[in-house]
Amino acid sequence: MNPIIGTASDVLPYLSYPPGTHRPNAQLTYPALLDHYNRPRNVGSMSKADTDVGTGLVGAPACGDVMKLQIRVDPNNNTISDVKFKTFGCGSAIASSSYLTELVRGMTLEDAARIKNTEIAKELCLPPVKLHCSMLAEDAIKSAISNYYTKNPNARATDLGGKSAPLPKVEVETVSSATA
4 MNPIIGTASD
14 VLPYLSYPPG
24 THRPNAQLTY
34 PALLDHYNRP
44 RNVGSMSKAD
54 TDVGTGLVGA
64 PACGDVMKLQ
74 IRVDPNNNTI
84 SDVKFKTFGC
94 GSAIASSSYL
104 TELVRGMTLE
114 DAARIKNTEI
124 AKELCLPPVK
134 LHCSMLAEDA
144 IKSAISNYYT
154 KNPNARATDL
164 GGKSAPLPKV
174 EVETVSSATA
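Heads up, the sequence shown is in the numbering used here, so the first residue is 4 and it goes up one at a time.
Okay, structure coming up:
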């Protein structure tokens, strides 16, 4: 089953132009967005049972986008050594997830926790109606970091955005092994 669902029309922004003006060529205007949508990087998943993996699962009820982001953390230096995602949603959500995975790989948890949706939206040239996709990506990385710290309470804590930015709700699944 393909973990990425969307159509090319989802990627193109719904902008209205005054009569008599020409709409810019989307391929020239939004190359990063189209590139990450057409060739998403780091699609996949990791085992939630691994203690060095943090999982963030976030969604936007208004549009139905769901984003799962997983990070593998090197405990020696608190850096993100691997990152995977699965996104079910529009092209902008897929592109935001893909771009985020490239951005955070190799970062410390502290630096990754400081990523803002505006950084993602600016790089991908997201239109205002698609800004929620970049917000999902920001929430997903913060949720994954929070989940990692939940699994590793002795790890050095990271400020996930200060007092004004609450932690996103993290849903943790329990994994049990059945013996036969």
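We put the CB at the ideal spot given by N, CA and C, even for glycine.
- The beta carbon of T54 lies closer than 8 Å to those of K154, N155 in the same chain, with the five residues before and after it left out.
- Rounded to the nearest angstrom, the gap between the Cα atoms of A98 and Q73 is 16 Å.
- Pairing T90 with M70 gives a Cβ-Cβ distance under 8 Å.
- DSSP places K145 within a helical segment (H, G or I) once states are collapsed to three.
- If you keep only unbroken alpha helix (DSSP H) runs of at least 4 residues inside the stretch 109–146, you get 112–116, 120–127.
- Per the DSSP secondary-structure output, D55 pairs with nothing in a beta bridge.
- At least 8 Å separates the beta-carbon of A63 from that of L134.
- In the three-state DSSP reduction, G47 falls in the coil class, being neither helix nor strand.
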